[in-house]
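Following: one structure in structure tokens, then a few remarks.
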Amino acid sequence: MIRPSAASAVWLLALVCLVAPGCAAYRVGSETLYAPDVATVYVPMIESDSFRRDLGERLTEAVIKEIELKTPYKVVGTPDADSILSARLMGERKLLEFENQNDDPRALEYNLTAQVTWLNRRRQPLAPVNAIPLAADFIPMTQTGTMLPEPGQSDASAQQQAIQRLAEQIVATMEEPW
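According to my numbering, the sequence shown is numbered sequentially starting from 183.
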């Protein structure tokens, strides 16, 4: 006859042997947020349809910094990387939010809209599945920056705020869906 402690050890061993194979495919930690088959990303210069100078260059720099800071990916300077993240600034607008009784602007909103494509080596989209059905080849994104002229904020500071937010949104789309 088997002792109770030995019997419980046998049952525990059998349970572990049955459950362990089911856990083999799980990834833990921050690696679960990003595609496991991508190690390098090439970010070409972002093109801009805007008449304002250097918006594409500033957004490219912000996106590269965000990728290096928040993802396990390494940004490389050659197009033969594991993936290519390309974007195009489609437009920028400045909207009046509030004005005083003399029609002077008190608060303005600066909008940037970009079209983003993330492709793997075989030029297939790596973008996550969207809840809203869109064309598979691009993801439209819009971000804003607020400008308050009275305390001394300028167009440049509102642009930089919108660029930073847009870069964060672009890099956030590189995460895998839950």
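Every residue, glycine too, gets a C-beta built ideally from N, C-alpha and C.
Keep in mind it's a predicted model, so treat the numbers as computed, not measured.
Just grab the DSSP bridge partners of residue i for me.
i: S190; result: Answer by DSSP bridge pairing: none, since S190 is not bridged.
i: E291; result: L277, T328
i: S230; result: L271
For the beta strand (DSSP E) containing residue i, name the first residue and the last one.
i: S268; result: 265-281
i: V245; result: Premise fails: V245 lies in the alpha helix (DSSP H), 237-252, not in any beta strand (DSSP E).
i: V353; result: Segment 337-354 is the alpha helix (DSSP H) holding V353; no beta strand (DSSP E) there.
i: V220; result: Careful: V220 lies outside any beta strand (DSSP E) and carries neither H nor E.
For residue i, name the three-state secondary structure that DSSP assigns.
i: V225; result: coil
i: V198; result: helix
i: T299; result: strand
i: V311; result: Here V311 scores only 39 on pLDDT, less than 50, and its place in the model is too uncertain to base an answer on.
i: A317; result: With a pLDDT of only 47 at A317, under 50, the local geometry of the prediction cannot be trusted, and the value read off the model is given with reservation. Here A317 sits in coil by DSSP.
In chain order, what residues of the same chain lie with their CB nearer than 6 Å to the CB of residue i, ignoring the 5 residues before and after it?
i: I228; result: G238, L241, T242, A269
i: E274; result: S232, L294
i: G327; result: Y292, A340, Q343, A344
i: P218; result: none
i: I352; result: V245, V298
i: L330; result: A289
Here's a check: name, in chain order, each residue in its chain whose Cβ is nearer than 8 Å to the Cβ of residue i, leaving out the five neighbours to either side.
i: K256; result: A221, T222, V223, E250
i: P332; result: In the sequence as presented, Pro is not what sits at residue 332; that position holds Glu. For E332, where only same-chain residues beyond five positions count, the Cβ hits under 8 Å are R288.
Given residue i, which residues of its chain have a CB within under 7 Å of its CB, disregarding the five upstream and five downstream residues?
i: A349; result: L241, A244, V245, E248
i: L215; result: E357, E358
i: S230; result: L237, G238, L271
i: Q325; result: L294, A344, R347, L348, Q351
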